Amino acid sequence: MAESCLRVLDPDGTASKRELCALLNHVDRIIPHQANERIIKSAAEHLESKLDLPDGAVKNKMIVTIHKYGNNSTASIPLALDESLREGKLHTGDLMILVGFGAGLTYAANLVRL
Numbered sequence: 010m011a012e013s014c015l016r017v018l019d020p021d022g023t024a025s026k027r028e029l030c031a032l033l034n035h036v037d038r039i040i041p042h043q044a045n046e047r048i049i050k051s052a053a054e055h056l057e058s059k060l061d062l063p064d065g066a067v068k069n070k071m072i073v074t075i076h077k078y079g080n081n082s083t084a085s086i087p088l089a090l091d092e093s094l095r096e097g098k099l100h101t102g103d104l105m106i107l108v109g110f111g112a113g114l115t116y117a118a119n120l121v122r123l
């Protein structure tokens, strides 16, 4: 998931660490596939480590709902998105990364402005 987030921010893979930090700074929220909390935490920590960001810089952007709904497979991202909108955690104009993965080696990320 971490690499997918970086790839969606820098599709050509040419940005420096500093440029990636600046790009990520523009992202308001990251809604990951809710497979399990350990994977989500690990992805956040990987991004923070790779970009030399302080602890929590990415984790605080992540929307986590697995503790409420469990792993709902492909529905986990739309469920988290809907809940975040209803709770006022997302607003018109926010920039989000939606990132998911599936069985095998399938994965994808989208950069979306709400």
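Residue 10 is where the sequence shown starts when you use this note's numbering, and the numbers rise one by one after that. Backbone N, C-alpha and C define an ideal beta-carbon position, used for all residues, glycine too. Computed from a predicted structure; not experimentally measured.
Enclosing alpha helix (DSSP H) for residue i [first to last residue]
{"i": "residue 34", "result": "26-35"}
{"i": "residue 20", "result": "That residue, residue 20, is in no alpha helix (DSSP H); it is neither H nor E in DSSP."}
{"i": "residue 87", "result": "85-95"}
Residue i to residue j span [Cα, whole Å]
{"i": "residue 13", "j": "residue 52", "result": "10 Å"}
{"i": "residue 35", "j": "residue 112", "result": "30 Å"}
{"i": "residue 104", "j": "residue 72", "result": "13 Å"}
{"i": "residue 95", "j": "residue 89", "result": "10 Å"}
Reduced DSSP category for residue i - H, G, I as helix; E, B as strand; rest coil
{"i": "residue 112", "result": "coil"}
{"i": "residue 120", "result": "strand"}
{"i": "residue 56", "result": "helix"}
CB contact flag (residue i, residue j, <7 Å)
{"i": "residue 11", "j": "residue 42", "result": "no"}
{"i": "residue 46", "j": "residue 75", "result": "yes"}
{"i": "residue 162", "j": "residue 49", "result": "This structure leaves residue 162 out entirely; the chain is present only between 10 and 123."}
Start-to-end residues for the beta strand (DSSP E) that takes in residue i
{"i": "residue 72", "result": "Looking at the DSSP string, residue 72 is not in any beta strand (DSSP E), and its letter there is neither H nor E."}
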